[in-house]
Amino acid sequence: MYSFAQRADTAVLDEPLYASYLTVTGLPRPYRDLVLAAQPTDGNAVVRDQLLAPRSRPVLYAKHMGKHKLGITGELFKRAQHMILVREPYGVLQSFSAVLEPTQQELGYTALLEIVSEMRVQGRAPIVINSDELIRQPEGVLRALCAALGLAWDPAMLSWAAGPKPYDGCWASWWYRNTHKSTGFDVEVRDARKPLPPSLKPLLAECYPLYDTLSRLALRPCMEGLGPEGSVPRPLPAAGSGAAEGSGAELHAGAAAASAEAPALLADGPAGLRKTGTHVYVQDPRNEDVLIGIRDGVTERFELVWRPHARVSVLDAGYVLGDGVWEGIRLHNGVLLLAEEHLERLAEGAKAIDMDLGLGGPGAGLAEQLGALQQLLYDTVDANGMTSGVHIRLMVTRGLKPTPYQNPNTTIGKPTIVIVPEYKEASPVPRERGIRLFTVHVRRGAPDVQDPGWNSHSKLNCIAACIQANKAGVDEALMLDPQGFVATCNSTNFFIVRKGEVWAPSPRHQLRGITRARVLTLCQQHGIPCRETDFYLTQVYSAEEAFVTGTFAGVIPVVEVDGRVIGSGRRGPVAERLQKLYAAFVDEYCAAGRRQL
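The C-terminal residue of the sequence shown carries number 1770 in our numbering, and the numbering is unbroken.
Here it is as structure tokens:
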């Protein structure tokens, strides 16, 4: 409304059917008497005398809530243009519940869908605007809207003076607090995301399918120089055609059931279940309700989506082909641990597979792109109120495909970015008791086959190794390089200790581990002899100690390899010392606060 009020050819009205709606429904409002005194209560009279009456300016913009159409005849739908502004349900619920008790009727998604359906019956294309996309690309979306309405573009629509407006409704002091702070489409004036109370989760689940249906119809941004032909609905839905079916409650229950079926990774499982391994974690029920960050590469819109409704298309390149790169990152005391190293490794892999992240605006350099990516990570964890004990899976795939086909040139739009944060405290059991390894027949490949330095979605090499380790009844696979030297484990980096000296396998055939590099640095800083070298299994079997490292694992001792007990069969002094040094480093690093890239 504030945007259209800046046009010289437009007059605006703020919810002129509000009194009619309150009269028809009898619903309470803290300002009910004010509204009934300020407006006519006969909605059809408002339509006749205000909305469809002769006017002093060429354009009349009337802001309504979709639910206010109750009791209104169809004349308004036939003789006026209708724009549908839709916002994702989580933000709507958070905002609405701060003033009133939310219900499906009050939130209005069903009413908006009814309006769209009525327009379809009339043979008119619905004009839908996604609120989050409008805030992210105000000029592009407003240009598309003007083109769809047959109006000339007016740059004045992009800004206005802060504070109350003479055309505000009498309810403004209850609802427009943030809006009055704005001078344009400022994302900063929105309330920060906060966890919703459990009582609102069923309503949230009801609203998401309606929102998805409406959002799929939203106009795409239209840049300068494009005519109305640029204002077309996106070619495929943001959530993806053919995405997972099922209600929010069903998906929610399914996620919980899936967790329950993976006891080998749970530290609090029933007695008798295996509780060791490099990725054993303490199960946390809060993970069922986290917000997932998703950047849609087609619309370029970043949204925070409730986990039961987070999904990507079945035609996404990551799903179809495993085409993408990823990182695992820890959050400790509100700081992304070693974020620069992780994001640089991801960018290196993306560059190697010729995938531009598509962040930071046109012509953005590497620093700007990684800075924008780090901000998305912080936006996601901050929206969840997360500070410590959090592990984040950052996934970047090449994006949406028009058809299942491997050629990268067939991709639509920019890469898909998904950020999955979880409360995931590592179990202390493996750090103390250690883990067991088995040397598998699956080798690490040479860089000219598939570069082992890529942290890619195509992980079948490591998965095949993990399968063999599972069949052998151990915790992880030890993998050799093409020459038969020890290379790495399937999900962690491997070390041995001989005569007090730490040996790390040559880095040629393994992922450039961030924690691995930090442990080697700690050895150098604290007088622990260390080197990178080639060595055989024979030298592993006779080692005094062995251990593995990883972002989630930290430093975990290895007590057995191929049925041979390593050293004393318990955590050794070097591994224990490195555990303490690494924990101290993590605290020190994060105490310095968040870093700009």
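Even glycine gets a Cβ: it sits at the ideal position worked out from N, Cα and C.
Neighbourhood of residue i by C-beta distance below 7 Å, restricted to the same chain and skipping five residues each side
| i | result |
| --- | --- |
| Val1818 | Examination of residue 1818 is not possible in this model, given that the chain is present from 1174 through 1770 alone. |
| Cys1763 | His1505, Asn1506, Val1508 and Leu1510 |
| Gly1586 | Gly1470, Val1471, Gly1572 and Leu1573 |
| Trp1326 | Arg1316 and Cys1319 |
| Ala1690 | none |
| Val1731 | Gly1607, Ile1608, Leu1610, Ala1719, Phe1720, Val1721 and Ile1739 |
| Asp1735 | Phe1611 and Thr1612 |
| Ala1523 | Val1498, Leu1530 and Val1569 |
| Arg1685 | Arg1518 and Gly1626 |
| Arg1459 | Tyr1596 |
| Gln1278 | Lys1240 |
DSSP bridge partner residues for residue i (one or two, in chain order)
| i | result |
| --- | --- |
| Ile1257 | Val1301 |
| Asp1187 | Lys1236 |
| Arg1611 | Just to set this straight, residue 1611 is Phe in the shown sequence, not Arg. Looking at the DSSP assignment, Phe1611 forms a beta bridge with Ala1650. |
| Met1568 | Trp1499 and Val1591 |
| Val1731 | Ile1608 |
| Ile1585 | Leu1573 |
| Tyr1596 | Val1563 |
| Ser1629 | Val1498 |
| Phe1720 | Phe1668 and Pro1730 |
| Cys1662 | Leu1651 |
| Thr1706 | Pro1678 |
| Val1738 | Glu1733 |
Nearest-angstrom beta carbon gap, residue j and residue i [assumed within contact, 8 Å]
| i | j | result |
| --- | --- | --- |
| Gly1740 | Glu1718 | 5 Å |
| Met1652 | Val1622 | With 8 Å as the limit, Met1652 and Val1622 do not qualify as a contact, their Cβ atoms being about 14 Å apart. |
| Asp1182 | Arg1230 | 6 Å |
| Cys1703 | Val1659 | Not really, about 16 Å apart at Cβ, beyond 8 Å. |
| Trp1347 | Tyr1204 | 6 Å |
| His1682 | Arg1737 | Not really, about 23 Å apart at Cβ, beyond 8 Å. |
| Ala1525 | Leu1543 | So it is not a contact: roughly 16 Å between Cβ atoms. |
| Pro1603 | Thr1724 | Not quite, the Cβ-Cβ distance comes to about 15 Å (not below 8 Å), so this is no contact. |
| Ala1378 | Pro1481 | 7 Å |
| Leu1477 | Tyr1263 | 7 Å |
| Pro1588 | Asp1527 | Not a contact, Cβ separation roughly 11 Å. |
| Pro1655 | Ala1599 | Not confirmed; about 32 Å, so no contact. |
| Pro1368 | Gly1558 | 6 Å |
| Glu1500 | Asn1628 | 6 Å |
Own chain, CB closer than 6 Å to residue i, minus 5 neighbours either side, in chain order
| i | result |
| --- | --- |
| Ala1677 | Phe1668 and Glu1705 |
| Gly1244 | Val1197 and Gly1216 |
| Met1330 | Ser1176, Gln1179 and Leu1315 |
| Val1554 | Leu1504 and Pro1594 |
| Pro1577 | Val1493 |
| Cys1639 | Ala1650 and Asn1663 |
| Ala1422 | Low confidence applies to Ala1422: its pLDDT is 35, below 50, so where it sits in the model is not reliable enough to give any reading. |
| Ser1631 | Gly1495 |
| Ala1184 | Arg1230 and Leu1233 |
| Gly1745 | Glu1718 |
| Ala1417 | Low confidence applies here, because Ala1417 scores a pLDDT of 37, under 50, leaving its location unreliable; read the following figure in that light. These residues qualify, in order along the chain: Arg1484. |
| Ala1726 | Thr1451 and Thr1665 |
| Cys1635 | Asn1663 |
| Ile1783 | Here the chain covers residues 1174 to 1770 and nothing more, so residue 1783 does not appear. |
| Gln1223 | Pro1189 |
Cβ-based neighbour list, residue i, same chain, cut-off 8 Å, excluding 5 preceding and 5 following
| i | result |
| --- | --- |
| Arg1252 | Leu1225 |
| Glu1541 | Leu1532, Gly1533 and Gly1534 |
| Ala1365 | Asp1555 and Ala1556 |
| Gly1413 | Low confidence applies to Gly1413: its pLDDT is 37, below 50, so where it sits in the model is not reliable enough to give any reading. |
| Asp1776 | Nothing in the structure corresponds to residue 1776, since the chain is present only between 1174 and 1770. |
| Leu1228 | Here residue 1228 is Arg; the residue named in the question, Leu, does not match the sequence. Correct list, in chain order: Ala1184. |
Residue i beta carbon near the ligand FAD (any heavy atom closer than 7 Å)
| i | result |
| --- | --- |
| Gly1450 | Here there are no bound small molecules, and the ligand FAD is not part of this structure. |
- [ ] Mind the definition here: the segment 1254-1269 touches the segment 1211-1220 only if three or more C-beta pairs lie below 8 Å; say whether that holds.
- [x] no
TODO: Would you mind listing the beta strand (DSSP E) stretches within the segment 1462-1547 that are 3+ residues and don't spill past its ends, in chain order?
DONE: 1464-1468, 1475-1479 and 1497-1505
Open item on the list: Across the segment 1604-1612 and the segment 1465-1474, are there enough close Cβ pairs to call them in contact, namely three or more that are closer than 8 Å?
Closed with: no
Task: At least 3 beta-carbon pairs within less than 8 Å: the segment 1452-1467 vs the segment 1591-1606 - done: yes
- [ ] Please determine if the segment 1183-1193 and the segment 1226-1245 are in contact, where contact requires at least 3 C-beta pairs separated by less than 8 Å.
- [x] yes
- [ ] Count the CB pairs spanning the segment 1276-1294 and the segment 1367-1383 that are closer than 8 Å, and state whether there are at least three.
- [x] yes
TODO: Would you check if the segment 1663-1681 and the segment 1530-1543 touch, i.e. whether three or more CB-CB distances between them fall below 8 Å?
DONE: no
Open item on the list: For the segment 1486-1506 against the segment 1556-1571, do three or more pairs of beta-carbon atoms, one drawn from each stretch, fall closer than 8 Å, so that the two count as touching?
Closed with: yes
Task: Completely contained beta strand (DSSP E) runs for the segment 1667-1704, where each covers 3 or more residues - done: 1674-1678
Task: Length-filtered (4 minimum) alpha helix (DSSP H) runs lying within the segment 1296-1381 - done: 1304-1309, 1311-1322, 1345-1348 and 1350-1354
TODO: Identify every run of the beta strand (DSSP E) within the segment 1245-1292, keeping only runs that are complete inside it and at least 3 residues long; order them along the chain.
DONE: 1256-1259
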